[in-house]
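Here the protein sequences line up with chains A and B, keeping their order.
In this text, residue positions in the first sequence follow the numbering used here: the first is 214, and each later residue adds one.
In this text, residue positions in the second sequence follow the numbering used here: the first is 1010, and each later residue adds one.
Built from N, CA and C at the ideal position, the CB exists for glycine as well.
In this text, all values refer to a predicted model and were calculated from it rather than measured experimentally.
These notes are about the structure you will find just below.
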Amino acid sequence: MPKSYQANELTGIIKIDEGKCKGCDTCKSFCPADAIDGAYGANHQIDNARCLQCGQCLVNCPFGAIEDTVDVVDQVIEKLKDSNTTVVATVAPAVRVALGEEFGMEPGKLITEQMYGALKKAGFKIMDVNFAADNTILEEGTELIHKIQKYVLNQPVEGELGPLPQFTSCCPAWVRYMELYHPSLRQHLSSAKSPQGMAGPVAKIYGAEEIWHVQPEQIFCVGVYPCTAKKLEASRPEFTAAADYWKKKGHTATYQDTDVVLTTRDLARLLKKLNIDVRNVEPAEEKDNPLAEYSGAGTIFGATGGVMEAALRTAYFVLTGEELGELRYEPVRGLKEVKTAEVPLKLKENGQEITLKIAVVHGTKNVEPLLAEIEAGNSPYHFIEVMNCPGGCVNGGGQPINPMGTSWTGKFKAILPW
Amino acid sequence: MRYSYKEKEVKINRREFLGFAGVIAAVLWTGAYTVTDLIVDRTKYIKMRTAGLYQDDEKQAKRQSHHNQSLLNMYKKMNFQPLSPLAEELFHTHYVDRSVL
């Protein structure tokens, strides 16, 4: 078992091709965990025990020398051909604004309907991870509200609760960073699973029974994420909630909640292998599919500040009894490394006024000062969102590699007239 | 000797020449790099993709998670609430100390 991994977890996902590495050190400047060894000019290697598998080095390497070694495209195509298997694609928010780039569309083009259409044509059933993101808000938001009632308002609250401030737990690279480098603070992570962690059980329990009417064992759940660390997260040995649930009802099979994960790049490769082009596929709306219903709050999970903004919209309503007047919450938007805000709340029960203090961090290294505050016992915050990749999941390590990144050779290509 | 075929004495030795060439190359290199940096905003594609998500948010009829009717139906049909024992079982987890693994 490799160091810092649990049994059966995927490991060594990100790898530097020594034949292509020029030793330029670009990857080191993007690595959030100082996990890359090798002197300037010499071949570099990734220290797997330190690596978060986030893939930031991969998308920023100017020489395309870093690869994602976990390729399940052919395995998924085999499953799609098998008529006894219901292959469910659970698709993350940031995929719909980047998938088009692999087919020559402009970056950021929102292509939800074309993406659904392409997935259906390939033979997938669809569950939108945005649904699971809304689910995450209900669970994680309720947890936060209970903590506020317990620690801020000193009301009696049932159940076990971690301490404040509460950290978001949606980002698997950030969770691994906490578990590996600050394990003593891990109780501060929300106990709520990430949307991927919730999507699997929903698909294999509620989806199997109520939507697709198949046995849970027949469902092959394919996560589609902008993220290489999601491949590791899906393989966590404790993420077998659906199998555990069904065992209590007489089933015997053991399986992961999410069987395999494709990155946005992997999905594009799969579609191209099947000769499906998102530009001319018949768009699908999925209006009659309950697991594809989502709110605006669910979709902004893919950008820095999005989880916080989504949580605020619901927490504000639950605590004050009123909807947030202006839904665009600007203080958490934008690319500043650490964004903080104070949200005044007037409680609905007794009119008491409290101030919710929040922070939003992207780029995991930027979280260190906030962790130091917690260790020193003087953190002012109640709720802190952390996303490992700069800008959030939209810039994840599984996203299309864009010539506008740090690859200056690519930049030259972008300004040439041919 | 009337004609000297000896080349003019070079005022700069080999090591100094390499040094100057290196400095000049570095200056040109940095300049070219900075120019490409000015032409292309490194965060441009992050902003473009983020704008796509905010656009998706604004076009949704429902913009708060607690208004996702299909999600509320799921809780109702399976007869549980957030943070209830079944929710803990399906949707909550624990974290491990990886520094000792």
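Within the 8 Å Cβ cut-off, does residue i reach chain B?
i	result
A523 (chain A)	yes
M617 (chain A)	Residue confidence is low: M617 (chain A) scores 47 on pLDDT, short of 50, so the model does not pin down where it sits. Its coordinate-derived value is still stated next. For M617 (chain A), the answer is yes, since a Cβ of chain B falls inside 8 Å of its Cβ.
S404 (chain A)	yes
S592 (chain A)	no
Q219 (chain A)	yes
Y468 (chain A)	no
D347 (chain A)	yes
N601 (chain A)	no
G410 (chain A)	yes
V301 (chain A)	no
A644 (chain A)	This structure leaves residue 644 (chain A) out entirely; chain A is present only between 214 and 631.
G463 (chain A)	no
E506 (chain A)	yes
E399 (chain A)	It should be noted that the sequence gives Arg, not Glu, for residue 399 (chain A). It does; some Cβ of chain B falls within 8 Å.
Using the Cβ count rule (16 or more neighbours within 10 Å means buried), how would you classify residue i?
i	result
S404 (chain A)	buried
K443 (chain A)	buried
P408 (chain A)	buried
L1027 (chain B)	exposed
S620 (chain A)	Here the model assigns S620 (chain A) a pLDDT of 48, short of 50, so the residue's position is not dependable, and the following value carries that caveat. Buried.
H1075 (chain B)	buried
E446 (chain A)	buried
A386 (chain A)	buried
E1018 (chain B)	exposed
P603 (chain A)	buried
E392 (chain A)	buried
H595 (chain A)	buried
L1092 (chain B)	buried
Would residue i and residue j qualify as a contact pair, given that the criterion is a beta-carbon distance under 8 Å?
i	j	result
A505 (chain A)	F344 (chain A)	yes
G420 (chain A)	M340 (chain A)	yes
A455 (chain A)	D470 (chain A)	yes
H666 (chain A)	L548 (chain A)	For residue 666 (chain A) there is no data in the structure shown, the boundaries of chain A being 214 and 631.
T303 (chain A)	V342 (chain A)	yes
E522 (chain A)	V494 (chain A)	no
P613 (chain A)	A311 (chain A)	yes
A252 (chain A)	V607 (chain A)	no
V435 (chain A)	V286 (chain A)	no
P245 (chain A)	N601 (chain A)	yes
N256 (chain A)	C234 (chain A)	yes
T477 (chain A)	P439 (chain A)	yes
K228 (chain A)	A497 (chain A)	no
V599 (chain A)	T577 (chain A)	yes
A528 (chain A)	G354 (chain A)	yes
S242 (chain A)	D347 (chain A)	no
F180 (chain A)	K292 (chain A)	The structure shown does not extend to residue 180 (chain A), since chain A is modelled only from 214 through 631, so no value can be given for it.
G538 (chain A)	K561 (chain A)	no
I490 (chain A)	F337 (chain A)	It is Asp, not Ile, that sits at residue 490 (chain A) in the sequence shown. Their beta carbons are not under 8 Å apart, which means D490 (chain A) does not touch F337 (chain A) by this criterion.
P429 (chain A)	L1099 (chain B)	no
G519 (chain A)	G605 (chain A)	yes
C264 (chain A)	T239 (chain A)	no
So the alpha helix (DSSP H) residue i belongs to, where does it begin and stop?
i	result
M1083 (chain B)	1078 to 1086
L1095 (chain B)	1094 to 1100
L293 (chain A)	286 to 294
K228 (chain A)	Unbroken run through K228 (chain A) is the beta strand (DSSP E), 227 to 229; no alpha helix (DSSP H).
K1020 (chain B)	From DSSP, K1020 (chain B) is part of no alpha helix (DSSP H); its letter is neither H nor E.
E392 (chain A)	385 to 394
L271 (chain A)	269 to 273
S397 (chain A)	Segment: none, S397 (chain A) is in no alpha helix (DSSP H) and carries neither H nor E.
Q327 (chain A)	325 to 335
A523 (chain A)	519 to 533
A510 (chain A)	509 to 512
From what residue to what residue does the beta strand (DSSP E) around residue i run?
i	result
E499 (chain A)	Counting along the chain, E499 (chain A) falls outside any beta strand (DSSP E), and DSSP gives it neither H nor E.
K559 (chain A)	551 to 559
D281 (chain A)	279 to 281
K1068 (chain B)	Not the beta strand (DSSP E): K1068 (chain B) falls in the alpha helix (DSSP H), residues 1053 to 1068.
T303 (chain A)	299 to 304
I350 (chain A)	From DSSP, I350 (chain A) is part of no beta strand (DSSP E) but of the alpha helix (DSSP H) over 342 to 360.
Determine, for residue i, whether the minimum Cβ-Cβ distance to residues of chain A falls below 8 Å.
i	result
K1085 (chain B)	no
L1027 (chain B)	no
L979 (chain B)	As shown, chain B starts at 1010 and ends at 1110. That puts residue 979 (chain B) outside it, with no answer to give.
L1092 (chain B)	yes
I1120 (chain B)	Look at the range of chain B in this structure, 1010 to 1110, and you will see that residue 1120 (chain B) is not part of it.
A1030 (chain B)	no
T1052 (chain B)	yes
E1098 (chain B)	yes
L1018 (chain B)	According to the sequence shown, residue 1018 (chain B) is Glu rather than Leu. Chain A, which has no Cβ nearer than 8 Å to the Cβ of E1018 (chain B), makes this no.
N1088 (chain B)	no
N1022 (chain B)	no
At 3 residues or longer, what runs of the beta strand (DSSP E) sit wholly inside the region 563 to 603 of chain A? Note on the region 563 to 603 of chain A: whole beta strand (DSSP E) runs with a minimum of 3 residues are 566 to 575, 596 to 600, in chain order.
Could I get the ranges of all uninterrupted beta strand (DSSP E) runs contained in the region 412 to 485 of chain A, with 3 residues as the minimum, in chain order? 432 to 438, 473 to 476
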